[in-house]
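A short write-up of the structure that comes next.
Number of protein chains: 2
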Amino acid sequence: MTNTLKIGIAGLGNVGTGLIARLQEQEKLRLSGQIEITGVSARNRSRARPVSIDEYSWYDDPVALAEAEETEVFVELMGGSDGPAKLAVEAALKLSKPVVTANKALIAEYGETLAQIADKSQTPLLFEAAVAGGIPIVRAVRESFSGTQIRSIKGILNGTCNYLLTEMMESGRSYDDVLADAQRLGYAEADPFLDVSGTDAAHKIAILSSLGFAVPMDFSRVKIGGVDTISLKDLELAGKLDHKIKLIAEARQTQDGVICRVEPVLLPKTSPLAQIDGPLNAVQIETEHAGNYTLTGPGAGSHPTASAVLGDLSVLLSGQNKAVLGMKVGDLNNPFCDQAQMSTAQSKYLIRVDLLDKAGALASLTEELAKSDVSVEALLQDSAGTSESAPVAIMTHNCSLAAAEEAVKHVNSLEAVLHPARLIRIETN
Amino acid sequence: MTNTLKIGIAGLGNVGTGLIARLQEQEKLRLSGQIEITGVSARNRSRARPVSIDEYSWYDDPVALAEAEETEVFVELMGGSDGPAKLAVEAALKLSKPVVTANKALIAEYGETLAQIADKSQTPLLFEAAVAGGIPIVRAVRESFSGTQIRSIKGILNGTCNYLLTEMMESGRSYDDVLADAQRLGYAEADPFLDVSGTDAAHKIAILSSLGFAVPMDFSRVKIGGVDTISLKDLELAGKLDHKIKLIAEARQTQDGVICRVEPVLLPKTSPLAQIDGPLNAVQIETEHAGNYTLTGPGAGSHPTASAVLGDLSVLLSGQNKAVLGMKVGDLNNPFCDQAQMSTAQSKYLIRVDLLDKAGALASLTEELAKSDVSVEALLQDSAGTSESAPVAIMTHNCSLAAAEEAVKHVNSLEAVLHPARLIRIETN
């Protein structure tokens, strides 16, 4: 008997279609049951989409989808804090149907109202996808760190702004130039206001504040500044002072209460957040007793956001009864590689030998490597100094472990090699 | 009516006493109920401890604590895969009592047996603290990414080894020297075998493999190498090749199955994991469609590990019925700072002005700053070039926002200032 969750999806943009693509091959995921899409809703039924929606019931009205008898869980991916998204989420919650949403504006602006409806009937309303795309920061703050006193939550929560700042600095071009390019490439919206004004990041930090500091979910209390005020000159001067400018969203417990703000700030170039470039997001959690944590990853985009929605759906699917190891022990049947398979995997290797400092030693060494089909990418010979031997380091091109081990065996048989050679794998990223 | 969880804690070492310290002031946490310690157990009752345990029932035998009627949830912090820890956890699970444990050896070696007992009666067995201390990686892999196809999980999962490698490279001392120091300072155990042999990291990656790839929890399938084979010469040669050596635990899906291994490898200095130095832990999750994620933080120690235990307890406390915002809306009563309070917070600022390139301009500028009690840490004047004005950047010492804004107002009133000055906050980390 398989546990099944019947979901209705409202909103078939990037995230909605990304979610459908993953669910159409869900046997590849580690879900402890079946997620069945029963109905979908969007503004335009006939628009070309990267996935087929033919087998799902179509609803013109997302409220009707939320209320439909076949919809057990309502997935809201429309966006917009007012209007249909809010109406449909309310409709689902009022019928005690769990809701999963990626809508940061909705949660930041109406989170308390919605939570009151949901909590009354103990109906889950999950919104991992609303903050920082696929980074599991909502679950981390709401659950993992709920027994931990948090000092501050600080992050780069808007990839568009971070991309603009990175690109300005790297290309030496003006804000307007870089923004126009980003819009052309689809990295920024046609109307970029929500992103560049700091509003989008403010929605996200309002949500994290409430979860992390038990302040009310009150978007009006977030102090907001955007990157639209930052000039190339600002970035350049900051650079000369060994700083970078980043749009930082921050919530911080002080003696007087919680400060919650989004603004461009200068960060020392060596600080962890200063090193987050391009469209990435990163969140730092500073705790009172348990140290500091950083979570980094793609903070937006179709698949990262769908990943967060899928995590929430997976939790609803298994609920309290999730198996200890995620799946039943009998279902853990993905095989391990055996030794033979592992030794055929390609990798680069470091081979280190202490070589007698005499003529021809190096030549005989490289000859032995060639015999085993191991080719050399780089070779480093340390000066022998006062001793009679010199360490030689060889970085190989990709080869199998078997070949590398064979090469080491040959090398060890050389007279000029004083101690058994060392073999260490090299990771390329 | 407050939800209460009565817990028994077996093991009163660093983690156990850290947990008790936090629970003794749990009003500071964001728990959705009350956690009551009813009983404790350890080897030695009278040993001096940083917290008082007088008000808790004492049990000589952890199994008796697990079975005691007053124990609703059993917290196992003894360590050791065999012996009392295993017996006590089994005893609790057989009575359908939820278990929270920090014991990586127990889960890696007997996880399937224990999961079978627990799953039969749908009893939670939670072990966030078993992997990477306070980093919420178990919950991330088990829940957040359970709807996401994972390509690899790769990380620095043993802080002791990472500390040894970092310290060898930075101080240019031998493995034996640095290890002896680390033992003296308490960074390494008297018997360092579990750490330096790679066994501890192997326990952790075995756990993450099972959760992330649905392979059996089979510790015997992990290929294990340690840092005890790494010499200073290896590190130095790697450095000359622009690489660092790190002990990397890795689980990777291949066409043939899952590779699971711990070994010292060379990483390019620019790779994210190469930049994790000292006792920190870091885990990278590479996904098939949703990009790559990195989680970083303290991977061991009393309070980080206790933080993970508290997260698990908090989940048990609220279960399915956790309020949407973590706490009931009416309980979200931590105040925000008001504007007046925020403007007294101390920070450094960047003040940027376009200054007319004429005699005395700079002097009048610094005079205005002094009037507002804003002192200058650094001042940078760009060459004016062909234009009549030059940008001047001033980095202030710590001052209140109010003072900085006052200073900008004065500066703007100067004749030599062409455009309103820009004020940007500077974060110091």
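Same order as they appear, the protein sequences are chains A and B. Here the first sequence is numbered in my numbering, starting from 11 and rising by one per residue. Here the second sequence is numbered in my numbering, starting from 11 and rising by one per residue. Each residue gets a CB set at the ideal place from its N, CA and C atoms; glycine is no exception.
CB contact flag (residue i, residue j, <9 Å)
i	j	result
Met337/B	Ser154/B	no
Leu342/A	Ile436/B	no
Leu320/A	Ala259/A	no
Cys409/A	Ser328/A	no
Gly49/A	Tyr69/A	yes
Phe229/A	Arg231/B	no
Val109/A	Val85/A	yes
Thr438/A	Ala310/A	no
Ala417/A	Ser374/A	no
Arg161/B	Arg57/B	no
Gly144/B	Thr158/A	yes
Leu174/A	Val188/A	yes
Three-state secondary structure assigned by DSSP to residue i
i	result
Ser162/B	strand
Val8/B	Shown here, chain B extends from 11 to 439; a query on residue 8/B therefore has no answer.
Ser42/A	coil
Thr77/A	The residue asked about is misnamed: residue 77/A is Glu in this sequence, not Thr. Correct three-state label for Glu77/A: helix.
Pro308/A	strand
Pro60/B	coil
Leu326/B	helix
Met352/A	helix
Cys409/A	strand
Leu424/A	coil
Ala373/B	helix
Tyr185/B	helix
Leu204/A	helix
His299/B	coil
Arg152/A	helix
CB contact check: residue i to chain A, cutoff 9 Å
i	result
Val344/B	The sequence shown places Asn at residue 344/B, not Val. Asn344/B counts as touching chain A.
Ile234/B	no
Val60/B	Before going on, a small fix: residue 60/B reads as Pro here, not Val. No, Pro60/B lies away from the interface with chain A (no Cβ there is under 9 Å from its Cβ).
Asp71/B	no
Asn113/B	no
Tyr120/B	no
Ala503/B	It is not possible to answer for residue 503/B, since the shown part of chain B is limited to 11 through 439.
Distance, residue j Cα to residue i Cα
i	j	result
Ala300/B	Asp364/B	45 Å
Asn441/B	Asn291/A	An answer regarding residue 441/B cannot be provided, because it is not within the stretch 11 to 439 covered by chain B.
Ile240/B	Gly340/B	57 Å
Val421/B	Ala388/B	17 Å
Leu390/B	Ala318/B	46 Å
Ala76/A	Lys96/A	11 Å
Ala128/A	Ala98/B	39 Å
Thr123/A	Lys38/A	37 Å
Thr176/A	Ser281/B	19 Å
Tyr185/B	Glu298/B	38 Å
Leu135/A	Ser106/A	10 Å
Leu379/B	Ile295/A	35 Å
Arg194/A	Ile63/A	29 Å
Thr111/A	Ser220/A	17 Å
Thr376/A	Ala412/A	18 Å
Leu419/B	Val427/B	Before going further, note that residue 419/B is Lys rather than Leu in the sequence given. The alpha-carbon atoms of Lys419/B and Val427/B are separated by roughly 11 Å.
Asn172/A	His213/A	16 Å
Asn113/B	Asp244/A	51 Å
Val325/A	Ser67/A	25 Å
is_contact[residue i, chain B] using C-beta, thresh 9 Å
i	result
Ile163/A	no
Phe84/A	no
Ile215/A	no
Phe155/A	yes
Gly18/A	no
Cys409/A	no
Phe223/A	yes
Cys347/A	yes
Cys270/A	yes
Thr264/A	yes
Within-9 Å CB hit, residue i to chain E
i	result
Thr239/A	In the structure shown, chain E cannot be found, because the protein chains are A and B.
Residue i CB to nearest heavy atom of the ligand MG below 8 Å
i	result
Ala248/B	The ligand MG is not part of the structure shown, which contains no ligands of any sort.
The region 229-242 of chain A in contact with the region 264-274 of chain A per 3-pair CB rule at 8 Å = yes
Stretch-stretch touch, CB-based, cutoff 8 Å, three pairs: the region 188-205 of chain B with the region 145-161 of chain B = no
If you pair each beta-carbon of the region 392-411 of chain B with each one of the region 247-256 of chain A, do three or more pairs fall below 8 Å?
-> yes
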